[in-house]
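Undergrad: Protein chains in written order, with full-length UniProt numbering: chain A, 1 to 474; chain B, 1 to 474.
#1: In the DSSP assignment, find the beta strand (DSSP E) that holds residue 211 of chain A and state where it starts and stops.
#2: DSSP three-state call for residue 236 of chain B: helix, strand or coil?
#3: Using a Cβ-Cβ cut-off of less than 9 Å, give me the residues of the stretch 145–157 of chain B that come near chain A, in sequence order.
#4: What would DSSP say about residue 314 of chain B, mapped onto helix, strand or coil?
#5: I'd like to know if residue 161 of chain A contacts chain B, where contact means its C-beta is closer than 8 Å to some C-beta of that chain.
#6: Does DSSP put residue 449 of chain B in a helix, a strand or coil?
#7: If residue 447 of chain A sits next to residue 198 of chain A, beta carbons under 8 Å apart, how far is it from one beta carbon to the other, in whole angstroms?
#8: Between residue 129 of chain A and chain B, is any beta-carbon pair separated by less than 8 Å?
#9: Report the rounded CA-to-CA distance for residue 225 of chain A versus residue 290 of chain B, giving the unit in angstroms.
#10: Starting from residue 287 of chain B, trace the alpha helix (DSSP H) both ways and give me its first and last residue.
#11: Less than 8 Å between the beta carbons of residue 214 of chain A and residue 106 of chain A, yes or no?
#12: Helix, strand or coil: which one does DSSP assign to residue 437 of chain A?
#13: Please report the distance separating the alpha-carbon of residue 262 of chain B from that of residue 407 of chain A.
#14: Assess, as a yes-or-no matter, whether the stretch 130–140 of chain B is touched by the stretch 80–88 of chain B under the definition of 3 or more beta carbon pairs within less than 8 Å.
#15: Which residues of chain B have a Cβ atom closer than 8 Å to the Cβ of residue 120 of chain A, listed in chain order?
#16: Who are the near neighbours of residue 297 of chain A in its chain, counting only those whose CB is closer than 8 Å to its CB and skipping five residues on each side?
#17: When you compare the CB of residue 308 of chain A with every CB in chain B, is at least one pair closer than 8 Å?
#18: Quick check on residue 327 of chain B: does DSSP put it in helix, strand or coil?
#19: Quick one: what's got a C-beta closer than 6 Å to residue 158 of chain A's C-beta in the same chain, skipping five residues either side?
#20: Closer than 7 Å by beta-carbon distance: list the chain B residues that pair up with residue 123 of chain A, in chain order.
#21: Assess, as a yes-or-no matter, whether the stretch 243–260 of chain A is touched by the stretch 314–323 of chain A under the definition of 3 or more beta carbon pairs within less than 8 Å.
#22: Check whether the stretch 143–157 of chain B and the stretch 102–119 of chain B are in contact - that is, three or more C-beta pairs closer than 8 Å.
#23: Quick one: using the 10 Å Cβ neighbour count with 16 as the cut-off for buried, is residue 349 of chain A buried or exposed?
#24: Beta-carbon within less than 7 Å of residue 315 of chain B's beta-carbon, same chain only, minus the 5 sequence neighbours each way: which residues are those?
#25: For residue 198 of chain B, which three-state DSSP category applies?
#26: Put residue 349 of chain A into one of helix, strand or coil per three-state DSSP.
#27: Could you check if residue 302 of chain B is buried or exposed, using at least 16 other CB atoms within 10 Å of its CB as the buried criterion?
#28: If you check the beta carbons only, do residue 122 of chain B and residue 223 of chain A fall under 8 Å apart?
#29: To the nearest angstrom, how far is it from the Cα of residue 330 of chain B to the Cα of residue 441 of chain B?
#30: Quick one: complete beta strand (DSSP E) runs, 3+ long, within the stretch 104–161 of chain A?
#31: How big is the Cα-Cα spacing for residue 410 of chain A and residue 444 of chain B?
#32: Roughly how many angstroms separate the alpha carbons of residue 352 of chain B and residue 232 of chain B, rounded to a whole number?
#33: Going by alpha carbons, who is nearest to residue 449 of chain A out of A/208, A/295, A/172 and A/341?
#34: Assuming residue 272 of chain A is part of the beta strand (DSSP E), what are its boundary residues?
#35: Within the same chain, show all residues whose beta-carbon is closer than 6 Å to that of residue 341 of chain A, passing over the 5 residues directly before and after it, in chain order.
Listed below in structure tokens is the structure:
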């Protein structure tokens, strides 16, 4: 998979900002105020596979990401624009171009690491930056491509290799996930206009981050290393790479992370919890979406008696959150959220039966359709879920990233909630107050965002989720 | 053992230097030029145990450290002075007072940690400083004492607790080693006038360090943590504490470390190797001492064909040195040395036989006598060695610090060189070119000293020590 092992420059920088003095700082920070109406990635934009297959097979495949939109006017959140024709740009660069270029960049960066022998990680490895130029006509160590000429920066390559290794990700597997298939752009951007790309195998998310966020991640790396070493079971985001794609004097910074919410599992409810009740209600427009992200006050409304967990699971979850919060607190990170995706197993069974009874009419099932773009349909999800179940139950093909499911992250050892075949793996078993069987997909998100308000996630979260011992529901 | 759990202040400082602006910087750095005639700690000053036993039993025991000297004039190296009456001072503070006070300080600091639950180590733990005042009349949480009032600073207490824990040192064991018996002052100071204290159980060394060295150790801690995590088998110094004793506006900084050269094993030769031949010959005055520390050129002279190691041992040693050198290089540490103590087993057998044949005359054996002060005699060493052998062979009483012997540090698995009872444990088995059985006690020292000259320890060391495979001696 390695396209070459040479790079144009290795630099050791004191801080991210010194590297990027040509940066459009103002533009990067300008979107900080657009907080309301914040949402999480949800639906998936289907690919035009014909176009992707037509691309020269020597480089990574190029996806098309023109999504179908309900309105044709240009919309902009942060740096993300949806044009009149539906095409998406980030900092006025076509997202298709970004996707294809970063795949070339990652392929070169990860491939080039193969020639560097495994060795102990050193402090200076957190500060290294490698830069490679990708002229369109190709060079001695970069392939020709049909995008604009660009420069690709890989931050702390040895450190991120170490992190990937900690999570059992083999270099070849990472390359295949990242580069062998076109990326899928999630149709719903973050509040600050971040773009989310999902790898086709559902393992990794690549997210655009602001200048300050990238800078902060770099500073965070030594402490992040310490946490992973002492505490590999963590709900904190798992970072696998930090990159900067530079084109036309624009910088697009990207982090590669684990994917918290498997797309083959339907999330019947999603919550972004901060442990605060001040202005923590999903906006009217968010609620009108097909798969809205609710907030703390909505959780209290929908689950006034909380969600029931088994005693052991509850203890493991609270312990993990406590350890993680201590790390966040030590870095004065305050504005993070707990993302909770709830899959309702009983509801899923009813939905499946309903779909089967409707199959005679061959009507397109719309239960998965999204406010923007088209999400995975119920039928597609059934097929994907079956495939994922097979995969996760196979000895030869475990989930790629170790300790990455919610259940593994909290190191709980509860028995599966049910032995039926249609239980998706990895979720934390729980019960609603009505006794419905739930699976929770949880993770701490948005830890790179700047300080806004002191929040107390841990305590309120404790109050929301009941201990099974004292909860009569269980 | 805990004398209290409260401290007068916890501070988080950006750097060591900000804390110590009242410091006598000039004096601290003034001794940097006194490099020639550099020696290592050798002999041991015997204690006046009567005086020690007379001290109030509630506090740590107070030793006397007046050594017998061949000349009565006042001598000074760095901050260390030997007065006309033989009394030793450091920055004009009686060394007896320093010893007793730091035992009180360490007892309070380590005892106070007992109330702090074990938790993950955080980045900020490397920067914490705790300060406690010790008025002579005692306070709510400090005992009364008969020394001058002093202030005791403990740097990064949680981080050093973590390091001690990594090496399997239980808090109670550390307290007993450090505080329950008087410290023993080594009679031969370092080149810069450092004072070395040895704990009575031979496990730990407490060494005075200069202002810059303490500051550097603080900066080094995150990288030191990384190395210990990835590489617990290391020849680098093992740091177990960093303290500052403040009295009369003087700062005495101290590091607690592992003891490289067990005092019950006679070192027939000692080398301070830097991998350079420029000015690397022991001075005339050093050679006249009873147990001189030789240098690189002396090694080449005495061991022109090198020292033979078994192939596996050689590989393990070189691998360990390579990993350690990479860490040192990453911190631009250049002036370290490899300390090599050589115990000649065959010579030791002859010496023992000789001592026995001389026992009729009851003559004081002087083979261990030192240039300065009086070292351990051959007979005392025999008894101590027997006790140490018993201890190290007992299942219940292992050596206190895990992975701390030279043999354990390089993770070699060679068989003991001989099954005889009088083989001291922990040394690396080797052979001289004449076929004599040797035990090597090795460790990397002086890593906190400031940059002086780029040295290439590793390569020259490789050239000096032969690989057993290619060495016909083995």
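Ideal Cβ positions, reconstructed from N, Cα and C, are used throughout, including at glycine. Since the model is a prediction, treat every value here as computed from it, not as a measurement.
TA: The relevant details are as follows:
#1: In the DSSP assignment, residue 211 of chain A falls outside any beta strand (DSSP E) and within the unbroken alpha helix (DSSP H) covering 211–230.
#2: Three-state DSSP puts residue 236 of chain B in coil, outside helix and strand.
#3: Here the close residues number zero.
#4: DSSP places residue 314 of chain B in the helix class (H, G or I) of the three-state scheme.
#5: No, residue 161 of chain A lies away from the interface with chain B (no Cβ there is under 8 Å from its Cβ).
#6: Here DSSP, grouped into helix, strand and coil, assigns residue 449 of chain B to coil.
#7: Rounded, the Cβ-Cβ distance is 20 Å, inconsistent with contact.
#8: Chain B contact via Cβ: absent.
#9: Take the alpha-carbon of residue 225 of chain A and the one of residue 290 of chain B: they are about 49 Å apart.
#10: DSSP places residue 287 of chain B in the uninterrupted alpha helix (DSSP H) bounded by 284–288.
#11: Their beta carbons are not under 8 Å apart, which means residue 214 of chain A does not touch residue 106 of chain A by this criterion.
#12: The answer is strand: DSSP assigns residue 437 of chain A an E or B state.
#13: Rounded to whole angstroms, residue 262 of chain B to residue 407 of chain A spans 50 Å at the Cα level.
#14: These segments do not touch.
#15: What residue 120 of chain A touches in chain B: 226, 227, 230, 231, 323, 326 and 327.
#16: Hits under 8 Å: 277, 280 and 281.
#17: So no, residue 308 of chain A is outside the interface.
#18: Helix at residue 327 of chain B.
#19: Within the same chain, residue 158 of chain A has close Cβ partners 125.
#20: Within chain B, the residues 222, 223, 226 and 330 have their CB atoms less than 7 Å from the CB of residue 123 of chain A, given in chain order.
#21: These segments do not touch.
#22: The stretch 143–157 of chain B is in contact with the stretch 102–119 of chain B.
#23: It counts as exposed.
#24: Result list for residue 315 of chain B: empty, nothing under 7 Å.
#25: Strand, per DSSP.
#26: Helix, per DSSP.
#27: When all chains shown are included, residue 302 of chain B counts as exposed.
#28: Residue 122 of chain B places its beta carbon less than 8 Å from that of residue 223 of chain A.
#29: If you take the alpha carbons of residue 330 of chain B and residue 441 of chain B, they lie about 26 Å apart.
#30: Whole beta strand (DSSP E) segments, 3+ residues: 128–134 and 150–155.
#31: Taking the Cα positions, residue 410 of chain A is about 41 Å away from residue 444 of chain B.
#32: Straight across, the Cα-Cα distance linking residue 352 of chain B with residue 232 of chain B is about 37 Å.
#33: Closest by alpha carbon: A/208.
#34: Per DSSP, the continuous beta strand (DSSP E) segment holding residue 272 of chain A begins and ends at 269–273.
#35: These residues qualify, in order along the chain: 261, 267, 270 and 441.
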